[in-house]
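Chemist: Mind having a look at this structure? Questions to follow.
Protein chains in written order, with this note's numbering: chain C, 549 to 1116; chain P, 549 to 1116.
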């Protein structure tokens, strides 16, 4: 096993050399580069030292269900202790409610480290943060005071209870009901696929549950949101239990629970029947988080593949021996192997850059005074949330599969950890709204919103950055821009919703390629100003983006055109 | 769970309506359509009734290693009994050595069924057939008489022992040694990743082992091939044992063995130091077989996805309700879901058609008298073997992943079987020469062979078929032809072996797209002559090939051009 190392140099490159985060955040936060980097270094220590070593053992031990509820693997307990100690869950949350009030870009990077340390681990703070945000945005002051501080510190965790056997993507079909009981409610119904609904890691767990009030209209406009803890304020165990854990392809250390709510006590969050919009505060946060899971997984996988490819000796490079002193060349000398490693790297580092940039926009969208700047940031966050989720996880899966391929048979067996990464990352394309659902969101809702205002803003932003790029990149990105522009116009002008729905996934991928191309252009230009080996390597990876990933756009626009303007 | 059904209608379509197999094989075999279809029907009965139901239980029980050797899951024993009873392993093997002498196209289709019934099962006859062929082609008459008949009937199985810890792709590094002992040899060394080296399913197991004689030159020209059984002709247990089983991502019912040969008795197959070419008889057969594993897995997966998508009710189709009488539409009505199902179908059925066509060429290459026709068939088989292996398994993996995505969360849990298909099929891209190695074989060896004779024959063959296709397809295939033609010329003209090696995978994929496009063009034309719902559905899938898979070529040629004629 090669140990995970947090990509600190790359993160510093983004913060200082590409995005100039301190300037971009000035007026919103009092932070400088030294502070940002110090926090990242401290997080790396926790993840490298405690979280990452637990990933394999936790998978092998797995979560289990007994008479007293769910038990998490011992390794996960050990990993969580220093995380809670450092209060990393609340890094970027409101200090008035237990958080530490640091910029979101830091949280995004620390979260990526946690994911690179292990996806099963990362879900615990990931869900807690999202639940915290929904409560923070929609609950009464009393509820906020009662529940938020200890969630922010990681003393308690959160969970989201949406899915029912008959209601997955289509939440309008859900049946769990809520009946008033004093100033609270009694929740009754069965929920499935509830991640970390129960565990023995913390003293309490806060569920956000979607249910119907007695007078609720049918469909999605009759759903309300409730806060349903495991332990009630008086210390009593609330009326729900875990009926079963799912047996899954991966994430064995993360319990996926069937939960039976049997008159469980809960409190309304937000207005009656307005539960879905309130839950979307959590869902949007989770979508970004899940995208980061893909990036973290890709980084962990490519680190293993690169280290293996430097060590494993097989054959001679096609251009002549790279290491004539050895019995064979390290396989990284084979262009086909290097291609796989570098492609995974380009996908992962492009995703990291996009997430980091978006994190700045999130802070701007939440902290700027109302006005055109804030509106622009809101537009960009809304537009790119499905892109980060779907592309982050698609690229993450592809990176893990590619990295596994680098190891050959050794990638398929347990020893090197890559088969676990493939099994674990696979679910990120599925949960929190499948990637198909993300594509429908992008094409059906985000593109047409306000007459296409968000997408035009985004394309203009990229266009304005072209002069900052070196020539081959500005040409490449300009080409991607015009392909995307044309496809967007075709989509917005189409009168055939079924055809638009059919190519939604291609449109989302096109946005991902364009977004990555834009940031690779900026990274390439920033690297051209540096003189470390790091900078030269970065330009190599940028070239791989141009030669291997940018050409994907040709297929995508072809498919879009063939479907929206069919020949037959 | 939805039960696996052998795709008999589709196979009949290929045999009778697309390839006219009886005519194509006339002069080589006395078979008519009725006979071919009767055999397929009988095989379907065995696979549907015994093999497929064992797949899930065998995975859960897994293979295990005890003091007496490897034990296979009980379900696999039950699946193998009727298979052996019917002597399906030897369907297309030489009747003089225990086989049944039927055409290879039948064997290809029955093998696909066996794979669709379960990959772990399919490996047993798959390895046996390949070992049989190497012995048949290279061993002495005595060895052939002693070992082949009971392998052909499935009474014994075969295994191939190539890999050593330090020698995977690079067999020149292998160290296992062989020393003469009378007219036999003593084999000593450790081999790893040996599939089904030991099990309790049959009375004997025949290993083909690569080892070095004392006077062997270094590298691949110093390797000899030995037949090393589990039980010696005098009934004694031979001197090898299984040291460990690998813990793998999937194929849990198939034991992947570390084998220690400790002076094990073996017999030379072929000439001394000429073991690698002899082993290639087996390897080429296994490469085709593994490609079929991808197709069988894709078929099994898409059957589950399609059945699930017809049953699962969620949301309303974007063009308006498909089933207003129900609470929601079946998800197959969502264009994005239909896209995934149909894409998997197009990949799988295209692969099946290519494999069926190639099976006819295999018989021609082995049975025609020496001359230009036989030479052409030999060229086509050599050229397309790496394409079938790599594209069959890449498409198979993509199909399984797509099918899993259709099921959402239900695809990630054990219940529906899809997560097992993804875990199991993944190794087909890795073993038997990784798909990267296949691409190097295509681009580095098969394309330049005889000044490009094989590839020009193949392209001319397709060109000659263009008039048989309906217009949109002939245009599509003609376009793919010219893209491929240009890329091949670029590759053959390149003076940069490292760049060629880097884009080898793209070139192989381009060949796959072109080959599938050609056969989809022929299938589309054949379907246009039919009037069953089957034919209309086939044309729908053909359109999906044109709209979604053919456009991949644009990206591929772009990558090839950017790498071989780099801008920077």
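Even glycine gets a Cβ: it sits at the ideal position worked out from N, Cα and C.
Distance check for residue 942(C) and residue 825(C), CA to CA, integer angstroms please.
Modeler: Here the question's residue 825(C) lines up with position 277 in the first chain. Here the question's residue 942(C) lines up with position 394 in the first chain. Going from the Cα of residue 825(C) to the Cα of residue 942(C) covers about 26 Å.
Chemist: Quickly, what does DSSP pair residue 729(C) with across the bridge? List them, please.
Modeler: Walking along the first chain from the start, residue 729(C) turns up at place 181. In DSSP, residue 729(C) forms a bridge with 732(C).
Chemist: Can you pull the chain C residues whose beta carbon is under 8 Å from the beta carbon of residue 936(P), in chain order?
Modeler: Mapped onto the second chain, residue 936(P) falls at position 388. Per Cβ cutoff of 8 Å: no residues; residue 936(P) is ~18 Å from chain C at best.
Chemist: What does the Cβ neighbour count give for residue 716(P), buried or exposed, with the cut at 16 atoms within 10 Å?
Modeler: In the second chain, the residue the question calls residue 716(P) occupies position 168. Residue 716(P) comes out buried.
Chemist: Check whether the Cβ of residue 568(C) lies closer than 8 Å to any Cβ atom in chain P.
Modeler: Start at 1 with the first residue of the first chain, and residue 568(C) comes out as number 20. Output row for residue 568(C): interface = no.
Chemist: Evaluate contact between the stretch 821-837 of chain P and the stretch 1005-1012 of chain C, counting only Cβ atoms and requiring at least three cross-stretch pairs below 8 Å.
Modeler: The stretch 821-837 of chain P, when compared against the stretch 1005-1012 of chain C, does not touch it at the 8 Å Cβ threshold.
Chemist: Just to confirm, is the Cβ distance from residue 804(P) to residue 793(P) under 8 Å?
Modeler: For this step, residue 804(P) is matched to residue 256 along the second chain. For this step, residue 793(P) is matched to residue 245 along the second chain. In contact: residue 804(P) and residue 793(P) (Cβ atoms closer than 8 Å).
Chemist: Residue 1099(C): buried (16+ other C-beta within 10 angstroms of its C-beta) or exposed?
Modeler: Translated into positions along the first chain, residue 1099(C) becomes position 551. Result: buried.
Chemist: Go ahead and pull the three-state DSSP assignment for residue 1115(P).
Modeler: Sequence index remark: in the second chain, residue 1115(P) carries index 567 (1-based). Per-residue confidence for residue 1115(P) stands at a pLDDT of 47, beneath the threshold of 50, marking its modelled position as unreliable; the derived number appears in the next sentence. Here residue 1115(P) sits in coil by DSSP.
Chemist: Please indicate yes or no: does the CB of residue 851(C) lie closer than 7 Å to some heavy atom of the ligand SAH?
Modeler: In the structure on display, the ligand SAH does not appear, and there are no ligands present to speak of.
Chemist: Applying the 10 Å Cβ sphere with the 16-neighbour rule, what's the burial state of residue 998(P)?
Modeler: Taking the second chain and counting its residues from 1, one reaches residue 998(P) at position 450. Label assigned to residue 998(P): exposed.
Chemist: The alpha helix (DSSP H) that contains residue 512(P), what's its start and end?
Modeler: In the structure as shown, chain P begins at 549 and stops at 1116. Residue 512(P) is therefore absent and cannot be evaluated.
Chemist: Give the secondary structure of residue 978(P) by DSSP, where H, G and I count as helix, E and B as strand, and everything else as coil.
Modeler: Position 430 of the second chain, counted from the first residue, corresponds to residue 978(P). DSSP places residue 978(P) in coil when its eight states are reduced to three.
Chemist: What does residue 1030(C) reach in chain P if we use C-beta pairs closer than 7 Å?
Modeler: Residue 1030(C) sits at position 482 when you count from the first residue of the first chain. In chain order: nothing, as chain P lies at least about 15 Å away.
Chemist: If we count the other Cβ atoms within 10 Å of its Cβ and call it buried at 16 or more, is residue 571(C) buried or exposed?
Modeler: The residue given as residue 571(C) occupies position 23 in the first chain. With fewer than 16 other Cβ atoms within 10 Å, it is exposed.
Chemist: Using only alpha-carbon positions, find the residue among 703(P), 1042(P), 975(P) that is nearest to residue 667(P).
Modeler: Counting from one through the second chain, the residue named residue 667(P) turns up at place 119. Among 703(P), 1042(P), 975(P), the Cα nearest to that of residue 667(P) is on 975(P).
Chemist: Indicate whether at least one CB of chain P lies closer than 8 Å to the CB of residue 858(C).
Modeler: Reading the first chain from its first residue, position 310 is the one you call residue 858(C). Answer no: the Cβ-Cβ gap between residue 858(C) and chain P never drops below 8 Å.
Chemist: Let me confirm a value: residue 1016(P) is counted as buried when at least 16 other C-beta atoms fall within 10 Å, else exposed. Which label applies?
Modeler: Taking the second chain and counting its residues from 1, one reaches residue 1016(P) at position 468. Under this definition residue 1016(P) is an exposed residue.
Chemist: Residue 807(C) and residue 790(C) look like a contact to me (Cβ under 8 Å); what is the Cβ gap, rounded to whole Å?
Modeler: Along the first chain, one-based indexing puts residue 807(C) at 259. Along the first chain, one-based indexing puts residue 790(C) at 242. 6 Å between Cβ atoms; contact.
Chemist: List the residues of chain C whose Cβ lies closer than 9 Å to the Cβ of residue 986(P), in chain order.
Modeler: Working through the second chain from its first residue, we reach residue 986(P) at position 438. Correct list: empty, because the minimum Cβ distance to chain C is about 10 Å.
Chemist: Beta-carbon of residue 1110(C) versus every beta-carbon of chain P: anything under 8 Å?
Modeler: Position 562 of the first chain, counting from 1, holds the residue named residue 1110(C). Answer yes: the Cβ-Cβ gap between residue 1110(C) and chain P drops below 8 Å somewhere.
Chemist: First and last residue of the beta strand (DSSP E) that includes residue 810(C)?
Modeler: The sequence position of residue 810(C) within the first chain is 262, counting from 1. Per DSSP, residue 810(C) belongs to the beta strand (DSSP E) from 804-817.
Chemist: Residue 1105(C): buried (16+ other C-beta within 10 angstroms of its C-beta) or exposed?
Modeler: Numbered from 1 along the first chain, position 557 holds the residue referred to as residue 1105(C). Buried, by the Cβ-count rule.
Chemist: In angstroms, rounded to a whole number, what distance separates the CA positions of residue 977(P) and residue 909(P)?
Modeler: For the purposes of this step, residue 977(P) is taken as residue 429 along the second chain, with counting starting at 1. For the purposes of this step, residue 909(P) is taken as residue 361 along the second chain, with counting starting at 1. So the alpha carbons of these two residues sit roughly 24 Å apart.
Chemist: So the alpha helix (DSSP H) residue 661(P) belongs to, where does it begin and stop?
Modeler: Residue mapping note: residue 661(P) aligns to position 113 of the second chain, counting from 1. From DSSP, the alpha helix (DSSP H) with residue 661(P) extends over 652-665.
Chemist: Please report the distance separating the alpha-carbon of residue 1116(C) from that of residue 1019(P).
Modeler: Here residue 1116(C) corresponds to residue number 568 of the first chain, with the count starting at 1. Here residue 1019(P) corresponds to residue number 471 of the second chain, with the count starting at 1. Its pLDDT being 47, under 50, residue 1116(C) is placed unreliably by the model, and the measurement read from it follows with that caveat. Each residue's Cα considered, the two are about 10 Å apart.
Chemist: If the criterion is Cβ atoms closer than 8 Å, does the pair residue 842(C) and residue 899(C) meet it?
Modeler: In the first chain, the residue the question calls residue 842(C) occupies position 294. In the first chain, the residue the question calls residue 899(C) occupies position 351. Against a cut-off of 8 Å, the Cβ pair of residue 899(C) and residue 842(C) comes out as a contact.
Chemist: Considering only C-alpha positions, which residue in the set 1086(P), 1111(P), 772(P) is nearest to residue 901(P)?
Modeler: For the purposes of this step, residue 901(P) is identified with residue 353 of the second chain, where counting begins at 1. Residue 901(P) has its Cα closest to that of 1086(P), out of 1086(P), 1111(P), 772(P).
Chemist: Is the CB of residue 1049(C) under 8 Å away from at least one CB in chain P?
Modeler: Start at 1 with the first residue of the first chain, and residue 1049(C) comes out as number 501. Chain P contact via Cβ: present.
Chemist: Give the single residue among 1029(C), 816(C), 881(C), 678(C) whose Cα lies nearest to the Cα of residue 687(C).
Modeler: The residue given as residue 687(C) occupies position 139 in the first chain. When each option's Cα is compared against that of residue 687(C), the closest is 816(C).
Chemist: Is the separation between the beta-carbon of residue 1028(C) and that of residue 1065(C) shorter than 8 Å?
Modeler: Stepping through the first chain from its first residue, residue 1028(C) is reached at position 480. Stepping through the first chain from its first residue, residue 1065(C) is reached at position 517. Yes, these two residues count as a Cβ contact at 8 Å.
Chemist: Are residue 762(C) and residue 727(C) closer than 8 Å when you measure CB to CB?
Modeler: Counting from one through the first chain, the residue named residue 762(C) turns up at place 214. Counting from one through the first chain, the residue named residue 727(C) turns up at place 179. Contact: yes.
Chemist: Should residue 781(C) go down as buried or exposed, given a rule of 16 or more other Cβ atoms within 10 Å for buried?
Modeler: Locating residue 781(C) in the first chain gives position 233, counting from the first residue. Exposed: under 16 other Cβ atoms inside 10 Å.
Chemist: Can you give the Cα-Cα distance for residue 971(P) and residue 971(C), rounded to whole angstroms?
Modeler: Along the second chain, read from residue 1 onward, the residue named residue 971(P) stands at position 423. Along the first chain, read from residue 1 onward, the residue named residue 971(C) stands at position 423. Approximately 8 Å, taken between the alpha carbons.
Chemist: Does the structure place the stretch 694-710 of chain P close enough to the stretch 630-645 of chain P that three or more beta carbon pairs sit under 8 Å?
Modeler: The stretch 630-645 of chain P is in contact with the stretch 694-710 of chain P.
Chemist: Which residues does DSSP pair with residue 550(P) in a beta bridge?
Modeler: What you label residue 550(P) is simply residue 2 of the second chain in a count that begins at 1. Residue 550(P) is not bridged to any residue.
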